[in-house]
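Visitor:
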Amino acid sequence: MSKSAFTEEVGQRRTFGIISHPDAGKTTITEKLLLLGNAIQLAGTVKGKKTGRMATSDWMQMEQERGISITTSVMQFPYKGRMVNLLDTPGHEDFSEDTYRTLTAVDSVLMVIDGAKGVEDRTIKLMEVCRLRDTPIFTFINKMDREVRDHIEVMDEIETILKIKCAPVTWPIGMGKAFKGVYNLITDTIHVFTPGQGSVVPDDIQIQGLQSPEAAALLGAELVAELTDEIELVQGASHEFDLDEYRRGELTPVFFGTALANFGVREMLDYFVEWAPAPLPRETDARPVPPTEEKFSGFIFKIQANMDPKHRDRIAFMRICSGTYTKGMKMQHVRIGKDIRIADAVTFLAGDRSHVEEAVSGDIIGLHNHGTIQIGDTFTEGEALRFTGIPHFAPELFKRVRLKDPLKMKQLQKGLQQLSEEGATQLFMPLNNNDLILGAVGVLQFDVVQQRLRDEYKVECIYEPVSVHTARWVYCNDHKMLEDFKRKAAENLAIDGGGHLTYIAPTRVNLSLTQERWPDVQFSATREH
Ligand code: G4P
Numbered sequence: 001m002s003k004s005a006f007t008e009e010v011g012q013r014r015t016f017g018i019i020s021h022p023d024a025g026k027t028t029i030t031e032k033l034l035l036l037g038n039a040i041q042l043a044g045t046v047k048g049k050k051t052g053r054m055a056t057s058d059w060m061q062m063e064q065e066r067g068i069s070i071t072t073s074v075m076q077f078p079y080k081g082r083m084v085n086l087l088d089t090p091g092h093e094d095f096s097e098d099t100y101r102t103l104t105a106v107d108s109v110l111m112v113i114d115g116a117k118g119v120e121d122r123t124i125k126l127m128e129v130c131r132l133r134d135t136p137i138f139t140f141i142n143k144m145d146r147e148v149r150d151h152i153e154v155m156d157e158i159e160t161i162l163k164i165k166c167a168p169v170t171w172p173i174g175m176g177k178a179f180k181g182v183y184n185l186i187t188d189t190i191h192v193f194t195p196g197q198g199s200v201v202p203d204d205i206q207i208q209g210l211q212s213p214e215a216a217a218l219l220g221a222e223l224v225a226e227l228t229d230e231i232e233l234v235q236g237a238s239h240e241f242d243l244d245e246y247r248r249g250e251l252t253p254v255f256f257g258t259a260l261a262n263f264g265v266r267e268m269l270d271y272f273v274e275w276a277p278a279p280l281p282r283e284t285d286a287r288p289v290p291p292t293e294e295k296f297s298g299f300i301f302k303i304q305a306n307m308d309p310k311h312r313d314r315i316a317f318m319r320i321c322s323g324t325y326t327k328g329m330k331m332q333h334v335r336i337g338k339d340i341r342i343a344d345a346v347t348f349l350a351g352d353r354s355h356v357e358e359a360v361s362g363d364i365i366g367l368h369n370h371g372t373i374q375i376g377d378t379f380t381e382g383e384a385l386r387f388t389g390i391p392h393f394a395p396e397l398f399k400r401v402r403l404k405d406p407l408k409m410k411q412l413q414k415g416l417q418q419l420s421e422e423g424a425t426q427l428f429m430p431l432n433n434n435d436l437i438l439g440a441v442g443v444l445q446f447d448v449v450q451q452r453l454r455d456e457y458k459v460e461c462i463y464e465p466v467s468v469h470t471a472r473w474v475y476c477n478d479h480k481m482l483e484d485f486k487r488k489a490a491e492n493l494a495i496d497g498g499g500h501l502t503y504i505a506p507t508r509v510n511l512s513l514t515q516e517r518w519p520d521v522q523f524s525a526t527r528e529h
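When we follow full-length UniProt numbering, the leftmost residue of the sequence shown carries the number 1, and every step to the right adds one.
(1) Quick check: what's the CA-CA separation for residue 121 versus residue 426?
(2) Which residues in the same chain as residue 512 place their Cβ atom closer than 7 Å to its Cβ, once the five residues preceding and following it in sequence are excluded?
(3) Between the Cα of residue 263 and the Cα atoms of 153, 286, 195, which residue gives the shortest distance?
(4) Tell me which residue opens and which closes the alpha helix (DSSP H) that residue 446 is part of.
(5) Would you check if there are 3 or more beta carbon pairs closer than 8 Å linking the segment 243-258 to the segment 131-149?
(6) State yes or no: is the C-beta of residue 261 nearer than 7 Å to some heavy atom of the ligand G4P?
(7) Could you please give the first and the last residue of the uninterrupted alpha helix (DSSP H) stretch that includes residue 154?
(8) Just checking, does the segment 26-39 make contact with the segment 257-271 on the three C-beta pairs under 8 Å criterion?
(9) Please classify residue 257: is it buried, with 16 or more other beta-carbons within 10 angstroms of its beta-carbon, or exposed?
(10) Reducing DSSP to helix, strand and coil, say where residue 139 ends up.
(11) I need the straight-line Cα distance from residue 45 to residue 26, nearest angstrom please.
(12) If we count the other Cβ atoms within 10 Å of its Cβ and call it buried at 16 or more, is residue 351 buried or exposed?
(13) Quick check on the DSSP output: the alpha helix (DSSP H) that includes residue 130 runs from which residue to which?
(14) Going by DSSP, which residues form a beta bridge with residue 528?
(15) For residue 144, name the three-state secondary structure that DSSP assigns.
(16) DSSP three-state call for residue 273: helix, strand or coil?
(17) Report the three-state DSSP secondary structure of residue 509 (helix, strand or coil).
(18) So what does DSSP say about residue 99, is it helix, strand or coil?
(19) When the Cα atoms are used, what is the spatial distance from residue 316 to residue 303?
(20) Taking the CB atoms as reference points, tell me whether residue 464 and residue 415 lie closer together than 8 Å.
(21) Quick check: the segment 402-411 against the segment 104-114, are there 3 or more CB pairs under 8 Å?
(22) From what residue to what residue does the beta strand (DSSP E) around residue 375 run?
(23) Can you give me the start and stop residues for the alpha helix (DSSP H) that residue 230 sits inside?
(24) Cα separation between residue 215 and residue 293?
(25) Find out if the Cβ-Cβ distance for the pair residue 526, residue 424 is shorter than 8 Å.
(26) Could you give the DSSP three-state label for residue 331: helix, strand or coil?
(27) State the DSSP-derived secondary structure class of residue 522, mapped to helix, strand or coil.
(28) Have a look at 170, 159, 163 and flag the residue whose alpha-carbon is nearest the alpha-carbon of residue 144.
(29) Could you tell me the alpha carbon to alpha carbon distance between residue 486 and residue 9, rounded to whole angstroms?
(30) The ligand G4P and residue 23: does the residue's C-beta get closer than 7 Å to at least one heavy atom of that ligand?
(31) Would you call residue 53 buried or exposed, if buried means 16 or more other Cβ atoms sit within 10 Å of its Cβ?
(32) Would you tell me roughly how many angstroms separate the C-alpha atoms of residue 20 and residue 160, rounded to the nearest one?
(33) Nearer than 7 Å: is that true of the beta carbon of residue 20 relative to any heavy atom of the ligand G4P?
(34) Between residue 476 and the rest of its own chain, which residues show a CB-CB distance below 7 Å, the 5 nearest in sequence each way excluded?
(35) In three-state terms, what does DSSP make of residue 29?
(36) Mind checking whether the beta-carbon of residue 404 lies closer than 7 Å to any heavy atom of the ligand FAD?
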């Protein structure tokens with residue numbers, strides 16, 4: 001690829017994730033985006049709670065039973081001259097670490113809000129994560145086919161609770177059974193809603209001008225007058241769209257619609273591919289890496305097992321930060337300082353796995369992982385740099401693992417090691433005994449680990465309570481002091497799944513006393529990979 005062709009390719013990428021509270025409509029809107037991108041032909045074929053071909057493994061069955069979205073998938077589809085990469089994020093709060101790391105791999109975010117519920121807890125938390133990197137945010141207010149809350153009130157809530165300015169681009173005309181479509185405030189166009197097109201690409205019926213005779217004929221003079229007043233009020237109460245403010249994460253363009261009936265999503269997507277940022281530069285420990293740099297680089301943000309139950313494999317998801325991946329290329333695995341040849345990277349075009357011949361900055365590729373790749377690993381064409389900002393969080397819940405069949409220790413260790421590399425759980429091995437302690441951010445993680453150990457490693461395990469209150473990663477520049485600390489505090493020290501020294505504190509008081517006693521030892525609540 002020539003330099004200019006490469007720069008153009010990169011400029012076409014739009015890599016984003018969807019954040020929302022469970023049940024706001026993330027899965028439904030994902031499906032409609034894929035439909036609009038021609039990645040699927042008929043809605044109802046993507047993973048779902050009741051349907052879906054991905055729901056074949058037991059692991060997915062658990063997701064189904066619980067009605068939550070645990071896994072992250074990556075979907076790529078072309079739209080209006082752009083190449084859209086959609087990274088799915090788990091909605092359940094027990095998987096917030098996973099979501100956090102996925103959000104380090106995107107350039108922007110689509111926030112889906114249930115129009116009847118407004119801003120909910122999970123959205124608040126996810127927004128906090130987006131704030132850390134000032135991620136630009138699009139907003140879609142969903143379920144206009146229902147009786148929802150006052151829209152101005154919901155926008156107010158977004159502004160005050162999420163602390164971001166709202167710039168409505170489309171505005172709903174009616175709601176529930178009387179939902180007629182959306183009005184575009186920028187172009188003065190009415191997009192007319194036709195019910196019954198939820199599973200196909202809907203007709204695109206437009207009327208130019210709210211004051212036009214066609215609008216009066218469609219809506220009636222009374223509704224036009226009402227809408228005119230409402231729009232005036234909305235314009236007074238909100239902000240005008242400003243691309244720079246959006247790109248800085250200070251303002252969000254707002255769109256209304258119904259994902260279920262597939263309306264308003266296209267009107268949003270059309271603007272999304274225009275306004276959302278192309279791949280942005282990424283920070284490393286050495287220098288920022290611009291996406292248009294021709295030398296290849298990328299980092300791993302997610303490892304997932306059993307994407308395909310037939311293969312029982314593990315895939316490491318890599319965000320390409322610069323350059324081009326070409327089939328069979330050699331890249332350096334920086335952490336272990338080895339060159340590896342990658343011949344079989346995969347992508348998830350239309351939810352299907354297919355071999356990638358070529359991929360550029362902003363794209364996500366999946367590498368087959370045979371145990372050498374960890375979350376946070378950097379790959380380059382030789383330069384020894386490391387992408388930063390992909391942390392582990394100190395878990396808040398701990399359990400000791402016990403085997404039902406003591407002869408299966410080896411399988412258990414292997415399983416836990418792999419699951420901890422994936423980030424499904426965190427593993428701590430005390431220096432002083434042979435316990436295996438699991439740490440989690442959310443309680444559901446323990447169930448997932450137990451079930452996966454059973455299904456994938458044929459190990460039955462049980463959990464026991466353990467007196468660990470919190471964990472801190474330990475750092476100290478003074479080697480002698482560290483050795484001294486290791487000796488004196490050995491009973492509360494462990495090695496984590498990544499081989500890092502960790503202080504596992506039985507109580508909060510114990511932690512603060514130890515910190516006071518060892519002022520030159522650093523106790524960190526996060527660890528960079
Ligand atoms: P999530 O991924 O954010 O958790 O939400 P999901 O898309 O699964 O949607 C949650 C529920 O809300 C689903 O109903 C879905 O059909 C419904 N829904 C999504 N968008 C709209 C919309 O625009 N209008 C209306 N009226 N409903 C919408 P469910 O009954 O929980 O599941 P299902 O039986 O439809 O799978």
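Glycine included, every Cβ here is placed at the ideal spot set by N, Cα and C.
Guide: Reading it off the structure:
(1) The C-alpha of residue 121 lies about 25 Å from the C-alpha of residue 426.
(2) No residues qualify anywhere along the chain.
(3) By alpha-carbon distance to residue 263, the top candidate from 153, 286, 195 is 195.
(4) Here the alpha helix (DSSP H) through residue 446 covers 444-457.
(5) The segment 243-258 is in contact with the segment 131-149.
(6) Residue 261 Cβ: within cutoff of the ligand G4P.
(7) In the DSSP assignment, residue 154 falls within the alpha helix (DSSP H) that extends over 151-161.
(8) Yes, they touch.
(9) Buried is the call here.
(10) Residue state, collapsed to three classes: strand.
(11) With a pLDDT of 44 at residue 45, under the threshold of 50, the modelled position of that residue is not reliable, and no figure is offered here.
(12) Confidence at residue 351 is low in this model, with a pLDDT of 44, below 50, so its placement is unreliable and no value can be given for it.
(13) First-last of the alpha helix (DSSP H) with residue 130: 121-132.
(14) Partner(s): 391.
(15) Residue state, collapsed to three classes: coil.
(16) Three-state DSSP puts residue 273 in a helix.
(17) The three-state reading of DSSP puts residue 509 in helix, counting H, G and I together.
(18) In the displayed model, residue 99 falls within a helix according to three-state DSSP.
(19) Whole-angstrom Cα-Cα distance: 4 Å.
(20) Against a cut-off of 8 Å, the Cβ pair of residue 415 and residue 464 comes out as no contact.
(21) Touching, no.
(22) Here residue 375 belongs to no beta strand (DSSP E), and DSSP marks it neither H nor E.
(23) Where residue 230 is concerned, the enclosing alpha helix (DSSP H) stretches over 221-237.
(24) Across the structure, residue 215 and residue 293 are spaced so that their CA atoms are roughly 50 Å apart.
(25) Their beta carbons are not under 8 Å apart, which means residue 526 does not touch residue 424 by this criterion.
(26) Three-state DSSP puts residue 331 in a strand.
(27) Look at residue 522 here: in three-state DSSP terms it is strand.
(28) Nearest of 170, 159, 163 to residue 144, Cα basis: 170.
(29) Answer to the nearest angstrom: the Cα atoms are 52 Å apart.
(30) For the ligand G4P, at least one heavy atom lies less than 7 Å from the Cβ of residue 23.
(31) Its pLDDT being 36, under 50, residue 53 is placed unreliably in this model, and the coordinates cannot settle the point.
(32) A straight line joining the alpha-carbon of residue 20 with that of residue 160 spans about 17 Å.
(33) Remark: the shortest separation between the CB of residue 20 and any heavy atom of the ligand G4P falls under 7 Å.
(34) Only residues of its own chain outside the window of five on either side were considered, and among them 482, 485, 520, 521, 522 have a CB closer than 7 Å to the CB of residue 476, listed in chain order.
(35) Here residue 29 sits in helix by DSSP.
(36) Here the bound small molecules are the ligand G4P; the ligand FAD is not part of this structure.
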